[in-house]
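Quick note on the working numbering: the sequence shown kicks off at -6 and runs consecutively.
Just below is one structure, and these are the notes that go with it.
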Amino acid sequence: MVNWNEHLNKKISCTCGRDHECDIAHVEIGQDVIEKLTEYVQANTYKSICIIADKNTIKVAGDKVYKALEQAEASYAQYIFADDELVPNELNIGKIFTHIPYDCDFIIAVGSGVINDLIRFVAQKLKCPYVIVATAPSMDGYASAVSPLIVDNMKTTYEHLGFPWAILGDVEILKDAPEHMIASGAGDIFGKYVCLVEWKLANIVNDEYYCPEIVKIMQNAVNEVAKAADFGIKERDPAAMASVMEGLVWAGTGISYCGNSRPASGCEHQMGHTWEILFLQKGRHDILHGTLVGVATIVALHVYKEALEILQNSELLTASSFDEIAWTEKIKAFFGPAAQEVLKLENTVHKNAEAKIAKRLQNVLANKEEIIELLKTLPDIDVMINRMKKINEPYLPKQVNVSPELLRNTIIYAKELRNRYGVLQMLFDCGKLEEAADKVCAKIAKIS
């Protein structure tokens, strides 16, 4: 088990030259950790506590929360969503503001991804601390300071909202979570194999800030989850659940240490977010974020394999030209209502400008051998697929209703969601992205 007191709520001087800090007071992952609520409430003398949960999460963790508050002799209000499938949108934010006490000074959120995202936003508005009692190891946002919410039917990420005051992960509750939620958390963690390599690629090509110590922490966390997937997750072993939950919390902690999402998000998240955006346009929000990231991780490994072959076999890569007019029309056709934000980003940062393409490609060529060795460190695709099969984690686009056409277009256009250098931008810069997309789609079509 991780001793979180060594890593949280303090400045840590790092060999990278920066001080790292994560302003979370407490992380407790293990057995009977919800009992800590008694201590927290007694120590801080909160006067107006409110529990927010949904009808499913309160069933699995409510008794332990109520017992802890009773032992603290604390009164509380509560609002329990009755939705069969809770959506993190402005309607449900409004419901919380309607029912929460005016003088609320401490929120106990009981749930996982949606509850966490809703309460983080509300807590920031109220300037009120909150604790999240995790009910499933399903996503890496527990220790995050951002909330991806659906506003006006569009997925919008609200940043710099602040961290939870405490995170409680009771392994006896986590191990009983629905199988697809546990697999989703593992899928989210497996994406770190890709994003950590991508972070180093951006460091080599764009001279982007990079911290080897954060990378070591994240690699250790991912490796522990991989071990748990090989033996433990399927059996719902409490220690395996702890490994997954710790990995998910480390992802958010790493983001805090770094100052951006590089330690937890790369092209696999860009592709997953693309699918989420397009599915939302059709009124679909039934596939978990981590599940989409897990599938996108396998796609990303294939893309990196194509990039490796291109680097190894091409004597000279030439910079591509950027036809902005044609590109704009393609973006409008692919992203639909979300296209305006994508176009706004390009008009602001000009990441596809020919001068920037040429400069980045020059750096790729100058550091070609180092990049080749970096790409060789990625895990074997078949090993990853077998690992995901063991825990019933989807690994093929068709398993999450991504068609071959959508897959191809996602590989080509997902990079446009962020001003973030990675393998997709590298292939675009040398005019090889569409060719790589075709090869990846052909290879994935043959996987059973």
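Glycine residues also receive a C-beta, built at the ideal position from the N, C-alpha and C atoms.
Tell me the DSSP secondary structure of residue i in three-state form.
{"i": "GLY10", "result": "coil"}
{"i": "GLU269", "result": "helix"}
{"i": "ALA70", "result": "strand"}
{"i": "LEU281", "result": "coil"}
{"i": "LEU310", "result": "coil"}
{"i": "LEU154", "result": "coil"}
{"i": "CYS43", "result": "strand"}
{"i": "ILE86", "result": "helix"}
{"i": "THR128", "result": "coil"}
{"i": "LYS227", "result": "coil"}
{"i": "PRO171", "result": "coil"}
{"i": "VAL395", "result": "coil"}
{"i": "ILE440", "result": "coil"}
{"i": "ILE384", "result": "coil"}
{"i": "GLU21", "result": "strand"}
{"i": "VAL115", "result": "helix"}
{"i": "TYR33", "result": "helix"}
{"i": "CYS55", "result": "The question names Cys, but residue 55 is Gly in the sequence shown. Helix, per DSSP."}
Whole angstroms is fine: what's the gap from residue i's alpha carbon to residue j's?
{"i": "ASP230", "j": "LYS168", "result": "7 Å"}
{"i": "ALA116", "j": "VAL139", "result": "12 Å"}
{"i": "ILE440", "j": "LEU389", "result": "8 Å"}
{"i": "TYR69", "j": "ILE51", "result": "15 Å"}
{"i": "THR91", "j": "PRO157", "result": "22 Å"}
{"i": "ALA136", "j": "VAL286", "result": "18 Å"}
{"i": "LEU304", "j": "ASN(-2)", "result": "44 Å"}
Tell me which residues share the same chain as residue i and place their Cβ nearer than 6 Å to its Cβ, disregarding the 5 neighbours each side in the sequence.
{"i": "ALA359", "result": "none"}
{"i": "VAL(-5)", "result": "GLU239"}
{"i": "ALA430", "result": "ARG401, ILE404, ILE405"}
Could you tell me how far apart the beta carbons of residue i and residue j are, in whole angstroms, since I believe they sit closer than 8 Å?
{"i": "LYS185", "j": "MET211", "result": "5 Å"}
{"i": "TYR33", "j": "VAL103", "result": "TYR33 to VAL103, Cβ: 14 Å. No contact."}
{"i": "VAL417", "j": "CYS260", "result": "The identity of residue 417 in the sequence shown is Leu, whereas the question assumes Val. 5 Å between Cβ atoms; contact."}
Apart from the five residues on each side of it in sequence, which residues of its chain come closer than 8 Å, Cβ to Cβ, to residue i?
{"i": "THR321", "result": "LEU336"}
{"i": "ILE374", "result": "ILE291, LEU294, HIS295, LYS298"}
{"i": "GLU217", "result": "SER236, GLU239, GLY240"}
{"i": "HIS343", "result": "LYS349"}
Closer than 7 Å by C-beta to residue i: which residues in its own chain qualify, once you throw out the five before and the five after it? Chain order, please.
{"i": "HIS13", "result": "ILE5, CYS7, TYR250"}
{"i": "GLY283", "result": "SER131, MET132, SER177, GLY178, GLY180, ASP181"}
{"i": "GLY245", "result": "ASP133, GLY134, TYR135, ALA136, SER137"}
Given 8 Å as the limit, is there contact between the stretch 415 to 433 and the stretch 305 to 325, that is, 3 or more CB pairs closer than that?
In short, these stretches touch, since the Cβ pair count reaches three.
Do the stretch 369 to 382 and the stretch 336 to 349 meet, that is, are 3 or more Cβ pairs less than 8 Å apart?
Using a Cβ-Cβ distance cut-off of 8 Å, the stretch 369 to 382 and the stretch 336 to 349 are not in contact, since fewer than three pairs of beta carbons, one from each stretch, lie closer than that value.
Using 8 Å as the cut-off, can you tell me whether the stretch 393 to 403 makes contact with the stretch 256 to 274, which would need three or more C-beta pairs spanning the two stretches below that distance?
Short answer: they touch.
Using a Cβ distance threshold of 8 Å, determine whether the stretch 196 to 205 contacts the stretch 174 to 181, with at least three qualifying pairs required.
Segments in contact, no.
Does the structure place the stretch 97 to 115 close enough to the stretch 74 to 85 that three or more beta carbon pairs sit under 8 Å?
They touch, by the three-pair rule.
If we count Cβ pairs, one from each stretch, closer than 8 Å, do we get three or more for the stretch 41 to 56 versus the stretch 93 to 101?
Judged by pairs of C-beta atoms under 8 Å, the stretch 41 to 56 touches the stretch 93 to 101, as three or more such pairs exist.
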